[in-house]
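Worksheet for the structure shown next.
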Amino acid sequence: MMPVMSLYERLKETYGHQNWWPADSPFEMMAGAILVQNTNWNNVGKALARLQPDLSPERIRAMTDEELEERIRPSGFFRMKAQRLRAFLEWFESHGDDVRALQQVETDVLREELLQVKGIGAETADSILLYALYRPVFVIDAYTHRIMNRIGYQFPKKYNQAQAFFEEALPKDEALYNDFHAQFVRHAKEHCKKKPVCEGCPLEPECEKQI
DNA sequence: TTCCTGAAAC
DNA sequence: GTTTCGGGAA
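What follows is the structure in structure tokens.
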């Protein structure tokens, strides 16, 4: 079976560095992490564009529920996500609405706090830690499971175990975790889709096609 | 019709 | 373990 690092290298050779997360600021990244839950990024882009003129914690808090819901409507689950954004903003305010303040806090503490926020689960919490705060935390998602299972790894189903699998197999490297997860997303959208597109797949030699 | 960088409630 | 939340594009 292919070493985990070789897996990354193969994907990077194929797709190139992915340069994640696509956001202009840490705050936009964190908002995007909530909006993108079970939704394609194209629709999140529309929602962020509609928020853009008022994309700050204060301006969003000042909106009525109806206003906020209307802005983020294109991202789907808009009523739920409006409340999730508000819950996140409440937590952010407890740190002074200040990303620099967050950087003074231990990763494990931040992770536990984020998991207490209603609407933020393990994947969203870790995405924020990695892509907004540059902490070396490996993000696991549905794509990760799909790809790892298809190429024949005995891959843990539980989030924390799946995460440990990568963090124990790889150096504790934030930049590596950043691009590795991005490569998985790219590969899942390009080839390892729900209905696999195996022609030209860079992992073809390794894949057991146990779909 | 299907699928999308999930999480909470049931 | 299963259902719910949802618009947008293929």
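The first sequence begins at 273 in this note's numbering and counts up by one.
Built from N, CA and C at the ideal position, the CB exists for glycine as well.
Predicted model only: the values in this text are computed from it and were never measured.
Find the nearest neighbour of residue i within the set the options, judged by alpha-carbon distance.
i           : options               : result
residue 221 : 279, 302, 459 and 465 : Here the chain has residues from 273 to 483 only, and residue 221 is not among them.
residue 292 : 465, 451, 335 and 308 : 451
Rounded to a whole number of angstroms, what is the C-alpha to C-alpha distance between residue i and residue j?
i           : j           : result
residue 350 : residue 273 : 42 Å
residue 453 : residue 411 : 6 Å
residue 337 : residue 298 : 23 Å
residue 279 : residue 348 : 33 Å
residue 398 : residue 386 : 9 Å
residue 319 : residue 393 : 21 Å
residue 325 : residue 436 : 40 Å
residue 421 : residue 413 : 13 Å
residue 300 : residue 327 : 7 Å
residue 287 : residue 461 : 12 Å
residue 321 : residue 304 : 11 Å
residue 401 : residue 472 : 34 Å
residue 373 : residue 390 : 21 Å
I want to check one thing, is the minimum distance from the CB of residue i to the heavy atoms of the ligand ATP below 7 Å?
i           : result
residue 352 : Only the bare structure without any ligand can be found here, which leaves the ligand ATP out of the picture.
Between residue i and residue j, how many whole angstroms is the CB-CB distance? I'm expecting something under 8 Å.
i           : j           : result
residue 396 : residue 332 : In fact, because the Cβ distance is near 17 Å, the residues do not count as touching under 8 Å.
residue 470 : residue 478 : In fact, because the Cβ distance is near 12 Å, the residues do not count as touching under 8 Å.
residue 417 : residue 283 : Not confirmed; about 16 Å, so no contact.
residue 341 : residue 354 : 5 Å
residue 441 : residue 276 : 4 Å
Would residue i be called buried (16 or more neighbouring beta carbons within 10 Å of its own) or exposed?
i           : result
residue 429 : exposed
residue 464 : buried
residue 433 : exposed
residue 404 : buried
Q. Considering only residues of the stretch 325-370, which uninterrupted beta strand (DSSP E) runs meet the minimum length of 3 residues and lie entirely inside it, listed in chain order?
A. none
Q | Segments assigned alpha helix (DSSP H), at least 4 residues, entirely inside the stretch 371-457 | A | 371-374, 379-388, 394-403, 414-422 and 431-441
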